[in-house]
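Engineer: Dumping the structure here so I can ask a few things about it.
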Amino acid sequence: MALLHKFPKVFRRERWRYNMAPAPKLVQLVKAPLDFETECSPGALHGCRVALQDAESAEAAGGAFVANANRIYGVKIPSLPKLAAVEGRKGVYMPTRVEVDMIEFENYSFRSEVQSIDISESSDGSVLVGGVDSYGYASIGRVAKDWHSRSLEQPTTISQPPRSIREAGWAGIRFDPTDPSNFAISTSMARETVLYGDNRIARVFALGQPPMDLAFNPEDGKTMIVANGNEVWVLDSRVGESGGCVGRILASHIGSQIFCVRWSGSSDVVGVGGSERNLTLWEPRKWRQLCRWSNCLKEAITGLEFSEVAPGHCYVSGMDPACVCGVWDRPPSGKGKRKQSVLEEGSDVQSHRGSAPSFKGDSRWLGVAGCRGGDRLAGLASSGNLFLASFEASRG
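Under the numbering used here, the very last position in the sequence shown is 524; numbers go up by exactly one each time.
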């Protein structure tokens, strides 16, 4: 059982210097209606059916991929200027409506409802798109750089679920950031995570409970973390003992459920969120709890993205239509006591930090995803609207 450790004063001071960056500034917020053939399928409550392509600049938003029913679509996002975000009640920003082009890939369909998608970009500009349906069948295809074709290049089915699985449930797919030929698939009904290399099974990890999310170490593709009930399992494909499980962290109370696990880009922080509506941050070297952001949303946490332009900040989304930016680290106050790190929506921690922006969709999120190279978010709402937000570092 992992406990909340008290850090020495020197370590506290170093962490406070690292997180002196002010809150990020929202510079663009748009809403794009998507013309699906049918209404958006509900999917799993914690599923993520949107992926955002990396962009070279804030003006060129790149492309996005969304899933609905048993199909995956590509969304061409045009170059958008920095639009002045309109601030509404209680500091919540209102989106501006724009039009985008959506492409339906004709040769890319699944047997049942798609539960999760992920992408990996190549050096030649092409994008590797992977998706998995509710029965664990996964398929991977490649999209050309200029998106000139409505068909994916050589889509391949690479996963066959066990014959004993006859019920539908959540399934997730993640690409290895260090090697796109490696990816992992978690299936809730099978209670397992399968690691693939070159479209072949490399390792099977048996889990105690149905998995809800998984994430790779961005600097070491051999290590993964999986949300398993109220615990976080640390899996290593190089270890043969204990089924490859090198650690089990009790991240929430018994009876609660973890829906989201994320590794920061520098791999020095791991974020965990779930049904308790609390975001806990862990140090992955010794798996010590750094801090806890309590009651950051009204409903369960299902999405988390770390900020690259403002260290110490993160973007949290959940089963309600809100996406909140907050600071997860604060300097300790008081003598001999370490208070929790909490930033209420729209409030200020210190005068040099400013307000943390937040925005809301028009319905429940079907997924909120970010991209590398900047703070950009794409959120798919159950109404069929795609929300795009861009953030920049604030001065002062």
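Idealized CB from N, CA, C, for every residue including glycine.
#1: Just the Cα atoms here: how many angstroms apart are G501 and S314?
#2: Would you give the residue range spanned by the beta strand (DSSP E) that L208 belongs to?
#3: Thinking just about the alpha-carbon of each residue, which of Q385, L208, F311 and C419 is nearest to the one in A428?
#4: Which of helix, strand or coil does DSSP assign to G393?
#5: For A509, tell me which candidate among Q156, L162, D304 and A149 has the shortest Cα-Cα distance.
#6: Give the DSSP bridge partners of I268, in chain order.
#7: Which two residues bound the contiguous beta strand (DSSP E) that contains T321?
#8: Answer with yes or no whether the minimum CB distance from W493 to chain D is below 9 Å.
#9: Along the beta strand (DSSP E) that carries L361, what are the first and last residues, could you check?
#10: My understanding is that L180 touches C499, with C-beta atoms under 8 Å, so please give their C-beta distance in whole angstroms.
#11: Can you tell me whether A330 is buried or exposed, with buried defined as 16 or more other CB within 10 angstroms of its CB?
#12: Between the alpha carbons of R523 and T166, how many angstroms are there, rounded?
#13: So what's E369 in DSSP terms, helix, strand or just coil?
#14: Under 8 Å Cβ to Cβ from R177, same chain only, skipping five residues before and after it: list those, please.
#15: Taking I552 as part of the beta strand (DSSP E), name the residues at either end of that continuous run.
#16: Helix, strand or coil: which one does DSSP assign to M222?
#17: Tell me, to the nearest whole angstrom, how far the beta carbon of T430 is from that of F387; I am working on the premise that it is less than 8 Å.
#18: Find the nearest neighbour of L335 within the set A160, E295 and R376, judged by alpha-carbon distance.
#19: Can you tell which of A484, P485, L514 and R504 has the C-alpha that lies nearest to the C-alpha of S491?
#20: Classify L505 as buried or exposed, calling it buried when 16 or more other Cβ atoms lie within 10 Å of its own Cβ.
#21: Looking at the secondary structure, which residues open and close the beta strand (DSSP E) in which Y236 lies?
#22: On a CA-only basis, which of I247, G202, V220 and C168 is nearest N235? Give me that one, please.
#23: With C-beta atoms as the reference, is D396 less than 9 Å away from F344?
#24: Given a cut-off of 9 Å, decide if F487 and V220 are closer than it, judged by their beta-carbon atoms.
#25: By how many angstroms is the C-alpha of G269 removed from the C-alpha of S248?
#26: What separation, rounded to the nearest whole angstrom, lies between the Cα atoms of A517 and R413?
#27: With DSSP as the reference, label E436 as helix, strand or coil.
#28: State the Cα-Cα distance for the pair R405 and P152, rounded to the nearest angstrom.
#29: Could you check where the beta strand (DSSP E) with I538 kicks off and where it finishes?
#30: Confirm, please, whether the CB-CB distance from V228 to A272 is below 9 Å.
#31: Look up C499 in the DSSP assignment and give the residues it is bridged to.
Structural biologist: On the basis of the supplied data:
#1: If you take the alpha carbons of G501 and S314, they lie about 27 Å apart.
#2: L208: not part of any beta strand (DSSP E); DSSP gives it neither H nor E.
#3: Ranked by Cα distance from A428, the options Q385, L208, F311 and C419 are led by Q385.
#4: Note: G393 maps to coil in three-state DSSP.
#5: Closest option to A509, Cα to Cα, is L162.
#6: Bridge pairing for I268: G258 and T284 [DSSP].
#7: E320 to G325 is the extent of the beta strand (DSSP E) around T321.
#8: Absence of chain D from the displayed structure is noted, only one protein chain being present.
#9: Just to set this straight, residue 361 is Trp in the shown sequence, not Leu. W361 -> beta strand (DSSP E) spans E359 to D364.
#10: Between L180 and C499 the beta-carbon gap is near 4 Å, inside 8 Å, which marks them as a contact.
#11: Under this definition A330 is an exposed residue.
#12: The straight-line gap from Cα to Cα measures roughly 45 Å.
#13: The answer is helix: DSSP assigns E369 an H, G or I state.
#14: Cβ neighbours of R177 within its own chain (closer than 8 Å, five residues either side excluded): G171, V194, A195, N196, V242, Q243, S244, I245, L494, G495 and L508.
#15: In the structure as shown, the chain begins at 129 and stops at 524. Residue 552 is therefore absent and cannot be evaluated.
#16: M222: strand per DSSP, three-state reduction.
#17: Confirmed, about 5 Å.
#18: Of A160, E295 and R376, the residue nearest in Cα terms is R376.
#19: With distances taken between Cα atoms, S491 lies closest to L514.
#20: Buried is the call here.
#21: Annotation for Y236: the continuous beta strand (DSSP E) segment containing it runs D229 to S237.
#22: When C-alpha distances from N235 are compared across I247, G202, V220 and C168, the shortest belongs to G202.
#23: Contact: no.
#24: Taking 9 Å as the Cβ cut-off, V220 and F487 qualify as a contacting pair.
#25: Cα to Cα, the separation comes out at about 11 Å.
#26: A517 and R413: Cα-Cα distance of roughly 33 Å.
#27: E436 falls in the coil class under three-state DSSP.
#28: Taking the straight line joining both Cα atoms gives about 23 Å.
#29: The shown model of the chain, from 129 to 524, leaves out residue 538, and the question about it has no answer.
#30: A272 is not a Cβ neighbour of V228, given a cutoff of 9 Å.
#31: In the DSSP output, where bridge partners are listed per residue, C499 has none listed.
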